[in-house]
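Q:
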Amino acid sequence: MHGDSGPAGAQPEENEAIELYYDDFAPHYVPGWRSLEHYGPLVADFLLRTVTPECRVLDVGCGPGHLTRNLAPDVSVTGIDLSPRMLEVASAARPGGRYEQHDFHDPLPGSWERFDVVVAVGCLEFCRDLTATLRNLAAACAPGARLLVGVVEDRAVRAPGRSRRAFSDDGLPGVDMHCYDATAQLDAVTAAGLSPWSYRFVPAWRHDEYSYVVQYGLWELRKDPPGQ
Ligand SMILES: C[S@@+](CC[C@H](N)C(=O)[O-])C[C@H]1O[C@@H](n2cnc3c(N)ncnc32)[C@H](O)[C@@H]1O
Numbered sequence: 006m007h008g009d010s011g012p013a014g015a016q017p018e019e020n021e022a023i024e025l026y027y028d029d030f031a032p033h034y035v036p037g038w039r040s041l042e043h044y045g046p047l048v049a050d051f052l053l054r055t056v057t058p059e060c061r062v063l064d065v066g067c068g069p070g071h072l073t074r075n076l077a078p079d080v081s082v083t084g085i086d087l088s089p090r091m092l093e094v095a096s097a098a099r100p101g102g103r104y105e106q107h108d109f110h111d112p113l114p115g116s117w118e119r120f121d122v123v124v125a126v127g128c129l130e131f132c133r134d135l136t137a138t139l140r141n142l143a144a145a146c147a148p149g150a151r152l153l154v155g156v157v158e159d160r161a162v163r164a165p166g167r168s169r170r171a172f173s174d175d176g177l178p179g180v181d182m183h184c185y186d187a188t189a190q191l192d193a194v195t196a197a198g199l200s201p202w203s204y205r206f207v208p209a210w211r212h213d214e215y216s217y218v219v220q221y222g223l224w225e226l227r228k229d230p231p232g233q
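Everything in the sequence shown is counted per our numbering, starting at 6 for the first residue and increasing by one.
(1) Measure the C-alpha to C-alpha separation of residue 233 and residue 198 and round it to an integer number of angstroms.
(2) Leaving out five residues before and five after residue 61 in sequence, what residues of the same chain have Cβ atoms less than 6 angstroms from its Cβ?
(3) What's the C-alpha gap between residue 129 and residue 225?
(4) Please confirm whether any heavy atom of ligand 1 lies closer than 7 angstroms to the CB of residue 38.
(5) By Cβ distance below 6 angstroms, which residues in the same chain neighbour residue 125 in space, the five residues on each side in sequence not counted?
(6) When we look at the beta-carbon of residue 7 and count the other beta-carbons within 10 Å, is it buried (16 or more) or exposed?
(7) Pull up the distance between the alpha-carbon of residue 18 and that of residue 102, whole angstroms please.
(8) Determine the burial state of residue 215: buried for a count of at least 16 other Cβ atoms within 10 Å of its Cβ, exposed for fewer.
(9) Identify whether residue 233 lies in helix, strand or coil by the three-state DSSP scheme.
Rendered as structure tokens:
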């Protein structure tokens, strides 16, 4: 495997910086996000195709929960995030949802339900260990679950494996954005025991501070039932 060897362990100072940064964003994140995002329609299309009545949806790095808050009331939505204020906004917008502070680098509690649909976009920018994170998500899935995962892919970087670039010198100095090449992404998907259903290289969001468009390897994945 190329390069994806970073520690999954807790990085308290980095997590605290991310938490504070997104706490500040929480009240006005959604209007600002609309002007930056390209992946919103792709997420909406995925949810339209995969969410069925009464299914259990996990929104990873949910922020204010806007990607999944408007799903039908009989759908069970769980959002995880580092930022308590983001979780508060998400919870206020969908009072029937469950919103918990949780780092995606850590396994989800075994006492939680297993999920049928998982969305992890707009947050793996901060993923220090893609293999461990995808393993955590796979373990939280029910057999047959479908996942949409957006990983920052920086094709300008020539070195194979994973790379880093500044996330924001203005807002989050010292915190990296983590990028993985397509081979490292596939290695992580495979190591997590997930089946790739589709992969696209797509524009994800416009980085105003550095004037470029962040691009994702956008994966639809499945957790196959045992024996398949
Ligand atoms: C840019 S917002 C994205 C919200 C939403 N997913 C979207 O695409 O618009 C990124 C969110 O990821 C959360 N986040 C960053 N690192 C995380 C981690 N290790 N575990 C859980 N959430 C994390 C941040 O707190 C923030 O709310």
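Note that the Cβ used here is the ideal one computed from N, Cα and C, for glycine as well.
A: In this structure, then:
(1) Residue 198 has its alpha-carbon roughly 11 angstroms from the corresponding atom of residue 233.
(2) If we look at residue 61 and ignore the five residues flanking it on each side, its Cβ neighbours are 81, 118, 120, 121.
(3) For the pair residue 129 and residue 225, the Cα-to-Cα distance works out to about 15 angstroms.
(4) Correct: residue 38 has its Cβ closer than 7 angstroms to ligand 1.
(5) If we look at residue 125 and ignore the five residues flanking it on each side, its Cβ neighbours are 65, 154.
(6) Residue confidence is low: residue 7 scores 34 on pLDDT, short of 50, so the model does not pin down where it sits. No coordinate-derived value is stated.
(7) Counting only the Cα atoms, residue 102 lies some 29 angstroms from residue 18.
(8) The residue in question, residue 215, is exposed, as its Cβ has fewer than 16 Cβ neighbours within 10 Å.
(9) The answer is coil: DSSP assigns residue 233 none of H, G, I, E or B.
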